[in-house]
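Written out below as structure tokens is the structure these notes cover.
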Amino acid sequence: MIKEGKIGPYEASGLIIITIITKVFLSSPRALADYVGTASWYTSIISALTAALGFGFIYFLIKRFPGKDLVHILQLALGRLPGGIFSLALGGYLLFNAALISRELIEALKIFQYPLTPPDFILLFLGLGAFFPVYLGLESISRVAGLWFYLIIFGLLSLLLLAIPLYDVSNLFPILGYGIKRSVGHGIVRSSAYGEVVILALLINSLQGHGHFKRIGLYSIAISGALISFSLLCYTMFENYPVLKENTIPILSVAREIVYGRFFTRFEAVYIFVWTLSSAVAIAIYLYSTITIFSKVINVDDYRPLILPFFITYYSISMFIPDFSSLMLLVEWSREYGSLFLFGIPLIGFIFSLVRGIKGGG
Amino acid sequence: MAKPQERLKEIFSRISYKPPKTDKFVLPEKSDEGSTKSETGFDNKRNEYVFDDLWEEGFRSTKKGGIRVKKPVKLDGARNEEAGVGKVQRLTLSSDIYPDITINVNYFEKLFNLPKNQNVVIRRFRLRDGTGAFIIFLEGMIEKRLVDETVIKPLMQLNLALVCPEHMDRMDYVNENVLTADNTKIVRKYKDAVNRIVNGETLLYIDRGNSMLAVNFKGYQKRSVERPVTENVIRGSQEGFTEDLETNITLIRPIIKNKDLIIEIFTLGRTNQGQVAIMYLDGIVNPAIVDEVKRRIQSIDVDFIYGSGVVEELIEDNTFMLFPQVMITERPDRTAPCIMEGKVVVLVNGTPFVMTMPVTFLSLFNTSEDSNNRWYYSTLMRLIRLFGFFTAVFVPGLYVSLVNYHQQSIPAGLLFSIARNREGIPFPTIVEVLLMEVSFELIQEAGIRIPGLIGPTLGIIGALILGQAAVTAKIVSPILIIVVAITGLGSFSISNYELNFSARIIRFFFIALAAIMGFFGIAMGIIIISSLMVSMKSFGVPYLAPNWPRTGSRKSDNIIKKPAWRQEERPEYMQPMDKKRQPDISRGWVKGKPSEGNRE
Numbered sequence: 027m028i029k030e031g032k033i034g035p036y037e038a039s040g041l042i043i044i045t046i047i048t049k050v051f052l053s054s055p056r057a058l059a060d061y062v063g064t065a066s067w068y069t070s071i072i073s074a075l076t077a078a079l080g081f082g083f084i085y086f087l088i089k090r091f092p093g094k095d096l097v098h099i100l101q102l103a104l105g106r107l108p109g110g111i112f113s114l115a116l117g118g119y120l121l122f123n124a125a126l127i128s129r130e131l132i133e134a135l136k137i138f139q140y141p142l143t144p145p146d147f148i149l150l151f152l153g154l155g156a157f158f159p160v161y162l163g164l165e166s167i168s169r170v171a172g173l174w175f176y177l178i179i180f181g182l183l184s185l186l187l188l189a190i191p192l193y194d195v196s197n198l199f200p201i202l203g204y205g206i207k208r209s210v211g212h213g214i215v216r217s218s219a220y221g222e223v224v225i226l227a228l229l230i231n232s233l234q235g236h237g238h239f240k241r242i243g244l245y246s247i248a249i250s251g252a253l254i255s256f257s258l259l260c261y262t263m264f265e266n267y268p269v270l271k272e273n274t275i276p277i278l279s280v281a282r283e284i285v286y287g288r289f290f291t292r293f294e295a296v297y298i299f300v301w302t303l304s305s306a307v308a309i310a311i312y313l314y315s316t317i318t319i320f321s322k323v324i325n326v327d328d329y330r331p332l333i334l335p336f337f338i339t340y341y342s343i344s345m346f347i348p349d350f351s352s353l354m355l356l357v358e359w360s361r362e363y364g365s366l367f368l369f370g371i372p373l374i375g376f377i378f379s380l381v382r383g384i385k386g387g388g
Numbered sequence: 068m069a070k071p072q073e074r075l076k077e078i079f080s081r082i083s084y085k086p087p088k089t090d091k092f093v094l095p096e097k098s099d100e101g102s103t104k105s106e107t108g109f110d111n112k113r114n115e116y117v118f119d120d121l122w123e124e125g126f127r128s129t130k131k132g133g134i135r136v137k138k139p140v141k142l143d144g145a146r147n148e149e150a151g152v153g154k155v156q157r158l159t160l161s162s163d164i165y166p167d168i169t170i171n172v173n174y175f176e177k178l179f180n181l182p183k184n185q186n187v188v189i190r191r192f193r194l195r196d197g198t199g200a201f202i203i204f205l206e207g208m209i210e211k212r213l214v215d216e217t218v219i220k221p222l223m224q225l226n227l228a229l230v231c232p233e234h235m236d237r238m239d240y241v242n243e244n245v246l247t248a249d250n251t252k253i254v255r256k257y258k259d260a261v262n263r264i265v266n267g268e269t270l271l272y273i274d275r276g277n278s279m280l281a282v283n284f285k286g287y288q289k290r291s292v293e294r295p296v297t298e299n300v301i302r303g304s305q306e307g308f309t310e311d312l313e314t315n316i317t318l319i320r321p322i323i324k325n326k327d328l329i330i331e332i333f334t335l336g337r338t339n340q341g342q343v344a345i346m347y348l349d350g351i352v353n354p355a356i357v358d359e360v361k362r363r364i365q366s367i368d369v370d371f372i373y374g375s376g377v378v379e380e381l382i383e384d385n386t387f388m389l390f391p392q393v394m395i396t397e398r399p400d401r402t403a404p405c406i407m408e409g410k411v412v413v414l415v416n417g418t419p420f421v422m423t424m425p426v427t428f429l430s431l432f433n434t435s436e437d438s439n440n441r442w443y444y445s446t447l448m449r450l451i452r453l454f455g456f457f458t459a460v461f462v463p464g465l466y467v468s469l470v471n472y473h474q475q476s477i478p479a480g481l482l483f484s485i486a487r488n489r490e491g492i493p494f495p496t497i498v499e500v501l502l503m504e505v506s507f508e509l510i511q512e513a514g515i516r517i518p519g520l521i522g523p524t525l526g527i528i529g530a531l532i533l534g535q536a537a538v539t540a541k542i543v544s545p546i547l548i549i550v551v552a553i554t555g556l557g558s559f560s561i562s563n564y565e566l567n568f569s570a571r572i573i574r575f576f577f578i579a580l581a582a583i584m585g586f587f588g589i590a591m592g593i594i595i596i597s598s599l600m601v602s603m604k605s606f607g608v609p610y611l612a613p614n615w616p617r618t619g620s621r622k623s624d625n626i627i628k629k630p631a632w633r634q635e636e637r638p639e640y641m642q643p644m645d646k647k648r649q650p651d652i653s654r655g656w657v658k659g660k661p662s663e664g665n666r667e
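Chains as they are written, first to last, in this note's numbering: chain C, 27 to 388; chain W, 68 to 667.
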């Protein structure tokens, strides 16, 4: 049994919210604008609602097996081998996501800040930043998230609010974007944007009960949904819709345009701090979840010896992506099919537990 | 003028071989080359005294009616072990006190290396009935006048054989009926006797007894209570701790006049027998914390304890963390509130700094003045100190990042100004920054080491002249001087001396990260440092409590100081036995009414 410690509702919510909203700092707003045009801000709300529904199934599954985390539940519901395989598939997806986010961040940093620095060197730094919290454990990751949560939220909101003079409400129209059907469809498919809430099911034993689990999950989806939707709303008002899909890192573009007098200009510095802090926290929890899933599946009590091999794997996957356009394709694949891993696997577990009538300790 | 022969002789003597001098001092290469065992039967290493029980006076002791008396024995030099005479005896520090004055005097003389050690005094005298006695003490550590008046004088007039009842131990009788000293203790082992002697007590022995009486007449020279040097305040007490443990305890006692204020004293250091005291308020402190502090202190097995720094390193949770895990203070009025919060205080003899534990990061920004000032002054000051810490840690790193990597983030006017000023500087920014930072550290260190009033003057003059000269010589840019000066000010605003050191070291870490990767490097450094900080614990309490993790009650003190009447509870992370500091309405007058005729 891995000693994961206890984390409070504030730290757990902060952790999940940061992990979810990290995507808004990267290329996701551009991709969404590409799919649904000016309707991205409420498409995201549809995604959040879909994710809340998916989380409901996860909650019922967790409730059926008190004191068990998702990996053990899957093994109980599906059998040891199939449950292990499904758990590893979930872990693999989280690892893949960590690699994608890292590469996205690195490419953006390379484009905007460090054009001469080799990407593998930037990744090494990022990996080093994520390594420490992973090594120190879940308590450390969650407290780091709790520590920087307000700063990250404050940084994001201040950037969006300082850019108010740049917004044009008329850019929100046509309000239905490319059509309601397309918006709703993409909203449902892209619910994976909020799928990190499944991580709570892996950490259930540290959350001090099911009541906390439900509350933390729903609050996290609601708060991150509001933040993402507000960010997308601001971004939509910032540019007219043909230009929306041109910016590689949309929120960075907003930050660069802020001008207040001669002195207060270009708030990229704030953006870089907020961006990298949230990415490092997200990568740390992705990797921690992956490593602990693997440890639980193979019944290893201490996950620490596995950190280095998993970091090497993560590093390799991240560097394996040849270029930025391939990265964008993979990111889109991840957003569209991510729900199958994040919500689909727990749903399979739930259905099997119902059909087989398994509950409790098995 | 010297003759040619003499000159030649001189030249030959200089170029000719001379055998090396052989009368130089050398230490034996092996420790067992010189035997430590003396011929007298005393083993220095083990403090063991081996002797034959053939008493010089020709007496041996037997027990009769509860007291020991001497009986004559044959002094033919032959052993008679059956009669208990001539049996080989071994005395060690853990032995019971031997009932013979000559053996005891001999043993103490050997133990304290007399007559070589001239600091130890053994004063032999006789009681009125002829019974031998001696007192032993360290010269300069006691009040001799008091010893003369309250110990030697009454004893020399005492006919002990006549007045002491048969059923009563003679030392007990002396203690209860003869001596007028107020602080006495009977000891029965050599170990205890020696401990008390080296701590400045006077030990009395009366022949044929198997105990000694320790009389506390400590009277050695010590520094008087003065103003604290490292923690100055404007509004607050002006008393600071001294090097003397007892004085320090008496400085805290008057602030907390409570019967439950417990002081436990431990002896640490095998060779120097240093004294360490722990202090806590029973009924408020969590006993688990006290047990843990005691467990750590009692388990220490080192040769030499001097100063709180050594004890701090020996008991803190993680020695390799940069941040202090106990709070060091030299102010009694800073220590007493910590005790009242349920913390444990450790005092070490020989140092004017005491340690309080557990400690949290944010509590290191509090000062004793905070309690004396109104809540919003104190809050502002705390925030300024916190800002000072961040300034001290981050400003040079941010400067390096901006100048090296993120020029686009600098507003145009400032960017041109920096560029103009850096024109002609031969060094890259990182060398420039390191040059000035190291110079600043040198000035700071030199200012402390130079004696008297020259120190601070040198600091100011050195900084001014060096800075001005460096700018004029175009070695560094004027903006960098401002950066270093702001960093220095931030560093000095940190109220905790040890945290100041942490900030100074971490600053160089962030300068290095900034030089390598700019803002991104700093952000990664923040993640690394913060993950280490959140995983730290001080005696079981998370270092960033009460905020990360959230353990704090809203009714206790945090970053923002609450008014005195709103601080109803003690910090929750301390898990005190008595959580309530005061009732919810501590200002009783708000419930009452002013007297008739004085109402609006």
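Each residue gets a CB set at the ideal place from its N, CA and C atoms; glycine is no exception. Small disclaimer: the values here were computed from a predicted structure and weren't measured.
Is residue j closer than 9 angstroms to residue i when the C-beta atoms are compared?
i	j	result
W:Pro-425	W:Ile-356	yes
W:Pro-609	C:Arg-169	yes
C:Leu-373	C:Phe-337	no
C:Phe-346	C:Ser-218	no
W:Asn-242	W:Val-230	no
W:Ile-395	W:Glu-565	yes
W:Thr-334	W:Tyr-257	no
Between residue i and residue j, how many whole angstroms is the CB-CB distance? I'm expecting something under 8 angstroms.
i	j	result
C:Ile-84	C:Val-210	23 angstroms between Cβ atoms; not a contact.
W:Val-462	W:Ala-570	Going by Cβ atoms, the distance from W:Val-462 to W:Ala-570 rounds to 11 angstroms, so no, they are not a contact pair.
C:Asn-231	C:Asp-95	6 angstroms
W:Asn-567	W:Ile-573	That pair is no contact at about 11 angstroms.
C:Ile-242	C:Leu-233	7 angstroms
C:Leu-87	C:Ile-71	With a Cβ gap of about 25 angstroms, C:Leu-87 and C:Ile-71 do not count as contacting.
Could you tell me whether any Cβ in chain W is nearer than 9 angstroms to the Cβ of residue i?
i	result
C:Gln-101	no
C:Thr-291	yes
C:Gln-139	yes
C:Thr-26	The shown model of chain C, from 27 to 388, leaves out residue 26 of chain C, and the question about it has no answer.
C:Val-357	no
C:Pro-159	yes
C:Ala-156	yes
C:Ile-167	yes
C:Tyr-312	no
C:Phe-4	Any property of residue 4 of chain C remains undetermined from this structure, which presents chain C solely from 27 to 388.
Is there a C-beta anywhere in chain C that falls below 9 angstroms from the one on residue i?
i	result
W:Gln-475	yes
W:Asn-625	no
W:Val-426	no
W:Ile-614	First, the amino acid is wrong: residue 614 of chain W is Asn here, not Ile. With 9 angstroms as the cut-off, W:Asn-614 counts as an interface residue toward chain C.
W:Ser-598	yes
W:Ala-590	yes
W:Ser-602	yes
W:Met-388	no
W:Ile-593	yes
W:Thr-103	Because W:Thr-103 carries a pLDDT of 49, less than 50, the predicted location of this residue cannot be relied on, and no value is offered for it.
Mind the definition here: the segment 223 to 239 of chain C touches the segment 55 to 64 of chain C only if three or more C-beta pairs lie below 8 angstroms; say whether that holds. no
At a CB distance below 9 angstroms, what residues from the segment 453 to 484 of chain W approach chain C? Give them in sequence order. Leu-465, Ser-468, Leu-469, Tyr-472, His-473, Gln-475, Ser-476, Ile-477, Pro-478, Ala-479, Gly-480, Leu-481
Whether or not the segment 577 to 592 of chain W and the segment 131 to 140 of chain C are in contact is what I'm after, with contact meaning three or more pairs of Cβ atoms, one per stretch, closer than 8 angstroms; do they touch? yes
Please list the residues of the segment 82 to 111 of chain C that have a C-beta atom closer than 8 angstroms to any C-beta atom in chain W, keeping them in chain order. Those residues of the segment 82 to 111 of chain C that come within reach of chain W (Cβ to Cβ, closer than 8 angstroms) do not exist; the list is empty.
Looking at C-beta atoms only, is the number of pairs between the segment 175 to 195 of chain W and the segment 222 to 229 of chain W that lie closer than 8 angstroms three or more? yes
Below 7 angstroms between beta carbons is the criterion; list the residues of the segment 552 to 578 of chain W that meet it against any residue of chain C, in chain order. none
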